[in-house]
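K.L.:
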Amino acid sequence: MVELFNSKLCAVCKGRKLLCGRPTCPILERFRVARTVEQKLNKRYLFGSSPPSIFVGEYGYPKVRIGPLVPPIEGNTSHLDSPLKWEDKTIRDILYYRSLLVMGETKADVDVRKSGRILSEVQELAMSIKPVDSEVILKRKPVLKVLPSEFAPPIGPKAELLDFELTENPRIPRRTDYVVSDELKAEQAIMRLYDWGFDEYYIIRLLSAGLLGIERKLVPTRWSITAVQDTIGKNLRREILHYPEINDYEVYFYRFLGNRYAVLLMPQSYAFELLEVWLKGSLFGSEKPSVIHDYEDFRGRKEYVKETAGAYHAARLSVLEALRARRRQARAVVFREVTPEYYAPVGVWQIRLGVKKALSNPIGRFETLNEALEAIRRRLEHPFEEYLKRSYILGSLARQKTLDEWLGRNLYRIDQ
Numbered sequence: 001m002v003e004l005f006n007s008k009l010c011a012v013c014k015g016r017k018l019l020c021g022r023p024t025c026p027i028l029e030r031f032r033v034a035r036t037v038e039q040k041l042n043k044r045y046l047f048g049s050s051p052p053s054i055f056v057g058e059y060g061y062p063k064v065r066i067g068p069l070v071p072p073i074e075g076n077t078s079h080l081d082s083p084l085k086w087e088d089k090t091i092r093d094i095l096y097y098r099s100l101l102v103m104g105e106t107k108a109d110v111d112v113r114k115s116g117r118i119l120s121e122v123q124e125l126a127m128s129i130k131p132v133d134s135e136v137i138l139k140r141k142p143v144l145k146v147l148p149s150e151f152a153p154p155i156g157p158k159a160e161l162l163d164f165e166l167t168e169n170p171r172i173p174r175r176t177d178y179v180v181s182d183e184l185k186a187e188q189a190i191m192r193l194y195d196w197g198f199d200e201y202y203i204i205r206l207l208s209a210g211l212l213g214i215e216r217k218l219v220p221t222r223w224s225i226t227a228v229q230d231t232i233g234k235n236l237r238r239e240i241l242h243y244p245e246i247n248d249y250e251v252y253f254y255r256f257l258g259n260r261y262a263v264l265l266m267p268q269s270y271a272f273e274l275l276e277v278w279l280k281g282s283l284f285g286s287e288k289p290s291v292i293h294d295y296e297d298f299r300g301r302k303e304y305v306k307e308t309a310g311a312y313h314a315a316r317l318s319v320l321e322a323l324r325a326r327r328r329q330a331r332a333v334v335f336r337e338v339t340p341e342y343y344a345p346v347g348v349w350q351i352r353l354g355v356k357k358a359l360s361n362p363i364g365r366f367e368t369l370n371e372a373l374e375a376i377r378r379r380l381e382h383p384f385e386e387y388l389k390r391s392y393i394l395g396s397l398a399r400q401k402t403l404d405e406w407l408g409r410n411l412y413r414i415d416q
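In C-alpha cells, the structure reads:
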C-alpha cells in the first residue's frame, strides 16, 4: 500500500504533469471544490433544507460525534445525499454535493436514553422522507475538508454545534412510525422496512439515529451501512437457496466511476466471492498490485469480512437481489478493478450500484467455464492468473474433479 500523496513527486508535478498516473490531481480538485462553495459556507448561522441527512462518527465510542447535515440552500436538496440519484454523476459532482452539506457536530452517548433535545431533533430529521427546513447555529465558521471515505459518502465542512432546530414538520411515513414505535428486533425492523419498499439508505439513517431495535443505541454511519446490507443479504441468501440453479455460465460487465466490474454466474449451488485489485496509479494502488478477496458458501460467514470489508456486503447484496428477481440461485464471483480514474473514494454505494449496473449489462452465456473466463479475461487489466491463484471458488474448481467430469462432461475444469 502506498501513501495517498508522495510529497517529492507532488513537489515536482505541482498538479500539472499528473506524474502519479491519475487523470486529475486530487489535491487541486479539493481546492477547486472548496473555492466554489466557500462564500456560501462562510458563516456561523445556517438555514437550509436538510436532504434529510445525519452522520454518526465512530471514534471515541461509546461517546461519539453526531450531527445533522444542512446545506445553505432551501427547497429540494434530496440529490445532495441520495446515491440513488448519482448514477450519471462524476466524482467531482459528488464532491461538490457533499461540500455543500455542513455538519454541526456534537458529542453524544450511544445510549439514546441519555440523549437530550438536540438528539430528538436529529431523530425526527432521520425519519423524514422529504427535505426538512432546518436552522443550525455553530460555534465557529465551518472548515471545509471534504474527507473521503471508502464506506460512506464524503463528509464535507463541519464545526461544533451550539443549537439545531427543525423549522417545519418532517414528513414521516406511517409505516416508519409503526416500526419505530413497536418493540421489534433490529433485524426484523430492517427487513420489514426493506420488504415495504424503503430504500436501504433510508433504513441506514434510521439505524444510525438509534431508532431501530429493542435496546436503542446510536450506530456509527459506517457500521450502519455494513449492518443493513449484511442483514438484508443474509435474508435474501436464505430465500434463494430454495430456488433452482441457472442453466449456463453467464458473464456481465460494466465500468463505473473508474471501476471495472465483471460478474461471473455459474450453474451451481449458491456461493459468493469478491476479488478486488487496486491497480498501479490508483488511490490505494502499489507498484505490484495484489488481489484481495473474501468468500462464503451457502452457510454464509461466521466471522467478519477480513480483506474487502464493506465492499463485500455491497457487491453481494446486488448479486442476491438479481438472483432473487429471477427466482434462481448460482455460484457468483465478482471481479473489481480500481483504476487511476477513481481518484477519490466516494463510498461503497458506488460498488453497490456498479455491480447492479453490471448485472443489467450481459456479455453472454457460455456452455463451458473456460469460455466464460476468457470473456472476463479480455476485459480486465490485471494478470488473470493472479485472480485464479487467489480465488477460492475458481481455485477449488481447478483442483477438484466434479461429478460432471466423471461423466465425461468437462465443463468446470480450468486450463492451467
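FYI, the numbering for the sequence shown is 1 to 416, going by the UniProt record's numbering.
Ideal Cβ placement from N, Cα and C applies to all residues, glycine included.
1. Give every residue of the same chain whose Cβ lies closer than 6 Å to the Cβ of Arg327, excluding the five residues on either side of it in the sequence, and list them in chain order.
2. Can you tell me the Cα-Cα spacing of Leu411 and Ser269, whole angstroms?
3. Tell whether a beta-carbon distance below 8 Å holds between Leu41 and Leu69.
4. Suppose the cutoff is 6 Å on Cβ atoms and the five residues either side in sequence are ignored; what does the same chain contact list for Val277 look like?
5. For Asp230, does the three-state DSSP call read helix, strand or coil?
6. Is it true that the CB of Met103 sits closer than 8 Å to the CB of Gly60?
7. Contact defined as beta carbons within less than 8 Å: I believe Leu388 pairs with Tyr249. What is the distance between those atoms, to the nearest angstrom?
8. So is Pro83 in contact with chain E if we call contact Cβ pairs under 8 Å?
9. Which ranges would you report for the alpha helix (DSSP H) in the region 148 to 219 if only whole runs of at least 4 residues count?
10. Whole-angstrom Cβ separation of Ser82 and Pro51, contact assumed at under 8 Å?
11. Does DSSP put Val355 in a helix, a strand or coil?
12. Please state the DSSP three-state secondary structure of Glu386.
13. Measuring alpha carbon to alpha carbon, tell me which of Ala159, Gly57, Gln123 and Val110 ends up nearest Leu46.
14. Closest by CA to Thr167, which one among Ala325, Leu125, Ser208 and Lys89?
15. I'd like the list of long-range same chain contacts for Ala186, defined as Cβ closer than 6 Å, with 5 residues on each side in sequence excluded.
16. In this structure, does DSSP put Leu274 in helix, strand or coil?
17. Tell me which same chain residues have a C-beta within less than 8 Å of the C-beta of Glu165, skipping the five on either side of it?
18. Residues in its own chain within less than 8 Å of Leu193 by CB, not counting five upstream and five downstream?
19. Could you pull the start and end residues of the alpha helix (DSSP H) that Glu307 belongs to?
20. Can you check DSSP and say which residues form a bridge with Asn42?
21. Classify Tyr312 as buried or exposed, calling it buried when 16 or more other Cβ atoms lie within 10 Å of its own Cβ.
22. Opposite Phe298 in the DSSP bridges: which residues?
23. Just verifying my parser: in three-state terms, what is the DSSP assignment at His242?
24. Tell me Ile91's beta-bridge partners as DSSP assigns them.
25. Just curious, the beta strand (DSSP E) that Asn259 is in, first and last residue?
26. Measuring CA to CA, which of Leu283, Lys306, Ser282 and Glu273 is closest to Asp297?
27. Could you compute how far the alpha carbon of Gly395 sits from the alpha carbon of Asp294?
28. When the Cα atoms are used, what is the spatial distance from residue 442 to Asn361?
29. Leaving out five residues on either side along the sequence, give the residues of the same chain with a beta carbon under 7 Å from the beta carbon of Ile376.
30. I need the DSSP call for Glu341, collapsed to helix, strand or coil.
31. Are the Cβ atoms of Arg238 and Leu320 separated by less than 8 Å?
32. Using the beta-carbon count (16 or more within 10 Å), is Arg331 buried or exposed?
33. Where does Leu84 land, buried or exposed, given buried means 16+ other C-beta within 10 angstroms?
34. Where Val56 and Asn247 are concerned, what is the direct C-alpha to C-alpha distance, given to the nearest angstrom?
35. What are the boundary residues of the alpha helix (DSSP H) that includes Ala375?
36. Between the C-alpha atoms of Pro340 and Val112, what's the straight-line distance to the nearest angstrom?
P.N.:
Well, looking at it:
1. Reading the sequence shown from its first residue, position 327 is the one you call residue 327. Hits under 6 Å: Tyr243.
2. For the purposes of this step, residue 411 is identified with residue 411 of the sequence shown, where counting begins at 1. For the purposes of this step, residue 269 is identified with residue 269 of the sequence shown, where counting begins at 1. Because Leu411 sits at a pLDDT of 43, beneath the cut-off of 50, its placement in the model cannot be relied upon, and the following sentence gives the value as read from the coordinates. Taking C-alpha positions only, Leu411 is separated from Ser269 by approximately 15 Å.
3. Taking the sequence shown and counting its residues from 1, the one referred to as residue 41 is at position 41. Taking the sequence shown and counting its residues from 1, the one referred to as residue 69 is at position 69. In this structure, Leu69 does not lie closer than 8 Å to Leu41 by Cβ.
4. Within the sequence shown, residue 277 is the residue found at index 277, counting from 1. In its chain, beyond the 5 residues on either side, Pro289, Val291, Glu337 and His382 have a beta carbon closer than 6 Å to the beta carbon of Val277.
5. Along the sequence shown, one-based indexing puts residue 230 at 230. Helix at Asp230.
6. Within the sequence shown, numbered from 1, the residue matching residue 60 stands at position 60. Within the sequence shown, numbered from 1, the residue matching residue 103 stands at position 103. For Gly60 and Met103, no; Cβs fall outside 8 Å.
7. By 1-based counting over the sequence shown, the position of residue 388 is 388. By 1-based counting over the sequence shown, the position of residue 249 is 249. Leu388 to Tyr249, Cβ: 15 Å. No contact.
8. The structure shown contains no chain E, having only a single protein chain.
9. 174 to 181, 186 to 195 and 200 to 208
10. For the purposes of this step, residue 82 is identified with residue 82 of the sequence shown, where counting begins at 1. For the purposes of this step, residue 51 is identified with residue 51 of the sequence shown, where counting begins at 1. With a Cβ gap of about 7 Å, Ser82 and Pro51 count as contacting.
11. By one-based count along the sequence shown, residue 355 stands at place 355. Note: Val355 maps to helix in three-state DSSP.
12. Here residue 386 corresponds to residue number 386 of the sequence shown, with the count starting at 1. Helix at Glu386.
13. Within the sequence shown, the letter at position 46 stands for residue 46. Selection Ala159, Gly57, Gln123 and Val110 evaluated against Leu46 yields Ala159 as nearest (Cα-Cα).
14. Position 167 of the sequence shown holds residue 167. Of the candidates Ala325, Leu125, Ser208 and Lys89, the residue whose Cα lies closest to the Cα of Thr167 is Leu125.
15. The residue labelled residue 186 in the question sits at position 186 within the sequence shown. Answer for Ala186: Leu212 and Gly213, listed in chain order.
16. Walking along the sequence shown from the start, residue 274 turns up at place 274. Looking at Leu274 - three-state DSSP - the assignment turns out to be strand.
17. As a first step, residue 165 must be located in the sequence shown, where it is residue number 165. If we look at Glu165 and ignore the five residues flanking it on each side, its Cβ neighbours are Glu121, Ser134 and Glu135.
18. Along the sequence shown, read from residue 1 onward, the residue named residue 193 stands at position 193. Around Leu193: Arg175, Thr176, Val179, Tyr202, Ile203 and Leu206.
19. For this step, residue 307 is matched to residue 307 along the sequence shown. Careful: Glu307 lies outside any alpha helix (DSSP H) and carries neither H nor E.
20. What you label residue 42 is simply residue 42 of the sequence shown in a count that begins at 1. Partner(s): none; Asn42 has no beta bridge.
21. Locating residue 312 in the sequence shown gives position 312, counting from the first residue. That one is buried.
22. Taking the sequence shown and counting its residues from 1, one reaches residue 298 at position 298. Answer by DSSP bridge pairing: none, since Phe298 is not bridged.
23. Here residue 242 refers to the residue found at position 242 of the sequence shown. DSSP places His242 in coil when its eight states are reduced to three.
24. Numbered from its first residue, the sequence shown carries residue 91 at position 91. In DSSP, Ile91 forms no bridge with anything.
25. Taking the sequence shown and counting its residues from 1, the one referred to as residue 259 is at position 259. That run of the beta strand (DSSP E) goes Asn259 to Met266.
26. Residue mapping note: residue 297 aligns to position 297 of the sequence shown, counting from 1. Answer by Cα proximity: Glu273.
27. As a working note, residue 395 is residue 395 in the sequence shown. As a working note, residue 294 is residue 294 in the sequence shown. Approximately 13 Å between the Cα atoms of the pair.
28. The question about residue 442 has no answer here: the residues shown for the chain are numbered 1 through 416.
29. For the purposes of this step, residue 376 is identified with residue 376 of the sequence shown, where counting begins at 1. Cβ neighbours of Ile376 beyond the five flanking positions: Val251, Ala262, Leu264 and Phe335.
30. Residue numbering aside, residue 341 sits at position 341 when the sequence shown is read from its first letter. Of the three classes helix, strand and coil, the one that applies to Glu341 here is coil, per DSSP.
31. Residue numbering aside, residue 238 sits at position 238 when the sequence shown is read from its first letter. Residue numbering aside, residue 320 sits at position 320 when the sequence shown is read from its first letter. No; because the gap between Cβ atoms is not below 8 Å, this pair is not in contact.
32. Residue 331 sits at position 331 when you count from the first residue of the sequence shown. Within a 10 Å sphere around the beta-carbon of Arg331 sit 16 or more other beta-carbons, which makes this residue buried.
33. Looking up residue 84 in the sequence shown gives position 84. Under this definition Leu84 is an exposed residue.
34. Within the sequence shown, numbered from 1, the residue matching residue 56 stands at position 56. Within the sequence shown, numbered from 1, the residue matching residue 247 stands at position 247. C-alpha separation (whole angstroms): 45 Å.
35. Taking the sequence shown and counting its residues from 1, the one referred to as residue 375 is at position 375. Note, Ala375: alpha helix (DSSP H), Leu369 to Arg377.
36. Start at 1 with the first residue of the sequence shown, and residue 340 comes out as number 340. Start at 1 with the first residue of the sequence shown, and residue 112 comes out as number 112. If I take the Cα positions, the gap works out to 42 Å.
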